[in-house]
Every structure is written in C-alpha cells, then in structure tokens.
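Heads up: the sequence shown runs through residues 1 to 218, numbered per full-length UniProt numbering. Here a beta-carbon is modelled for each residue, glycine too, at the ideal position from N, C-alpha and C. Just so it is clear, the structure is predicted and the values come from calculations on it, not from any experiment. Here is the structure we will look at.
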Amino acid sequence: MLRYGRNLRILAMGYAMLAGAVDAIGFLRSGGLFVSFMSGNSTRLSIGVTQSLTIAVAAATLVALFVAGVIFNVLIGESAPAHHRKFAATLTVTLLLVVAAAIDSAGRHRVAVAFLCVAMGSANAIFRRDGEVGIGVTYMTGTLVKLGHRLADLLRGTGDREWLSYFLLWLSLVLGGIAGASAFIWSPNAALWCAAATAAILSALTFWLMGDESRAAR
Numbered sequence: 001m002l003r004y005g006r007n008l009r010i011l012a013m014g015y016a017m018l019a020g021a022v023d024a025i026g027f028l029r030s031g032g033l034f035v036s037f038m039s040g041n042s043t044r045l046s047i048g049v050t051q052s053l054t055i056a057v058a059a060a061t062l063v064a065l066f067v068a069g070v071i072f073n074v075l076i077g078e079s080a081p082a083h084h085r086k087f088a089a090t091l092t093v094t095l096l097l098v099v100a101a102a103i104d105s106a107g108r109h110r111v112a113v114a115f116l117c118v119a120m121g122s123a124n125a126i127f128r129r130d131g132e133v134g135i136g137v138t139y140m141t142g143t144l145v146k147l148g149h150r151l152a153d154l155l156r157g158t159g160d161r162e163w164l165s166y167f168l169l170w171l172s173l174v175l176g177g178i179a180g181a182s183a184f185i186w187s188p189n190a191a192l193w194c195a196a197a198t199a200a201i202l203s204a205l206t207f208w209l210m211g212d213e214s215r216a217a218r
C-alpha cells in the first residue's frame, strides 16, 4: 500500500468500497455466502462438511471461481501493453459485473452470484506489482494486521501517519458494504447495476490516472 502514490491509493480505496458493496449484495443474494471474502467461505466450507454438504459444495465452488477470476484477469492484464495493464484489469471487472447484473435481472440469481465471485477475484489483479498483489482490495485481514503494526510503532514513538492509509482502506470496504446492503434492501435488481456503474466509473478514472502518470514519466 505504502509503495503506491496518492492517486493509486485513492483508486484502491474506491475498489475496496466497490468490493464491500458487491460482497454485501452477494451475501444477501446467496443467503449467507461471500463473493469476495474467501476466508469466510473457507470457514463455511469447513463447517458445511460436518453439517451441510450443500453449503460445503457451494462454498468450495465460490472459492474455486474466485481463484479462477484472479487467474483470468492476471492473464488479461499481462497480455495488455504495460501502460494499460491496470485499465485492462479494471475493464474486465466492469464487464463481469455488467454480465452479473444482466443475469440477475433475468432471474438467474445463483449464476449471477458466480459471476460476482469471478469479478471479485479479478479485482485482485488490478494492483499486481512484481508478480505479487500490491494491494488486496477484497480482503482486509492483512490490512488490519499492518494497521496494528503501524499503531504499535506510533505508540512506541517510532511511527508516523502511515497507519492512516491502512485504516482508510479498511473503512472504504466497510462503507461500501453499508452502501451495498442498503441498495439491496431498496432494490435487489438495481443494486448490482449500481455496482456495475460504479466499476465503470472507476475504470474510466484508472484510464485517466494512468494516462497522467505516463505523461508525467515523459
């Protein structure tokens, strides 16, 4: 997180907010499974093995789809020109969310949830750096651990305001979740279209920011 400039940190917060919204919508639509929080689905899988095979299979399927989304978007991003990789990755996320919203509107809710899971896996390829995930935008355990380390340094008198970036990233996910849940309660069908529209805006913002960085590099 701290290796990225201010613009990309803001963009990461936008995608964390989107992930929170989509995860809340997916959770409500699926009846208790996650589309971006795979630790939660892994726990549901473990419990399901002892209590409900149906839940176990559903959770395992979503985990597999999430990983497939990561693989798919890494391949998409790596096939694009270097200065357009982030934009290509964001565009993939947008298209997957549009497909999910269209399928959901057609009444195929389970298939829509599957596409949401692929989209959220794909979102984790946006901030790929040196072959690794630079910023995880759909899961916050690592972010909270880093926040704890930075706050501990602050209490020891050896830290600075770097903790704020981790806190804001976590807060973005939470606020997105509140927005997604509220939108779903208001209109389940419209909620996903709102998420897809937000993804399109973020994708356009990515294109603009990457263009600015390319011009500045010259």
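- Sequence-distant partners of GLY40 (beyond 5 residues in either direction) whose C-beta falls short of 7 Å from its own C-beta, in its chain, are PHE34.
- Judged by DSSP secondary structure, PHE184 falls within the alpha helix (DSSP H) whose first and last residues are 163 to 186.
- Less than 7 Å separates the beta-carbon of VAL93 from that of ALA199.
- Rounded to the nearest whole angstrom, the C-alpha separation of LEU8 and TYR166 is 13 Å.
- In the three-state reduction of the DSSP assignment, ARG44 falls in the helix class.
- Your pair ALA196 and LEU65 does not check out as a contact, with CB atoms roughly 18 Å apart and the cut at 8 Å.
- Secondary structure remark: continuous beta strand (DSSP E) runs of at least 3 residues inside the region 37 to 121: none found.
- Each of LEU62, PHE87, VAL63, ASN189 was checked against the Cα of ASN73, and the nearest Cα belongs to PHE87.
- In terms of Cα proximity to LEU144, the closest of CYS117, GLY157, SER172, VAL118 is SER172.
- Taking ARG85 as the centre and dropping the five residues before and after it, the same chain places the C-beta of GLY77 closer than 6 Å to its C-beta, in chain order.
- Of all C-beta pairs linking the region 14 to 29 to the region 175 to 185, three or more are shorter than 8 Å, placing the two stretches in contact.
- With respect to SER122, GLY157 sits apart: the two C-beta atoms are not nearer than 7 Å.
- A direct Cα-to-Cα measurement between GLY5 and MET120 gives close to 23 Å.
- Counting every other CB atom within 10 Å of its CB across the protein chains shown gives VAL22 a total of 16 or more, marking it as buried.
- With 16 or more other CB atoms across the displayed protein chains lying within 10 angstroms of its CB, ASP104 is buried.
- The Cβ atoms of THR141 and ASN124 do not sit closer than 7 Å to each other.
- Judged by DSSP in its simplified three-state form, ARG156 adopts coil rather than helix or strand.
- Contact check for ALA112 against ALA100 passes: the beta carbons are separated by less than 7 Å.
- Counting other Cβ atoms within 10 Å of its Cβ, THR43 stays below 16 and is therefore classed as exposed.
- For VAL133, the secondary structure class from DSSP, reduced to helix, strand or coil, is strand.
- Cβ contact annotation for ALA58 (same chain, cutoff 7 Å, sequence separation greater than five): LEU33, in chain order.
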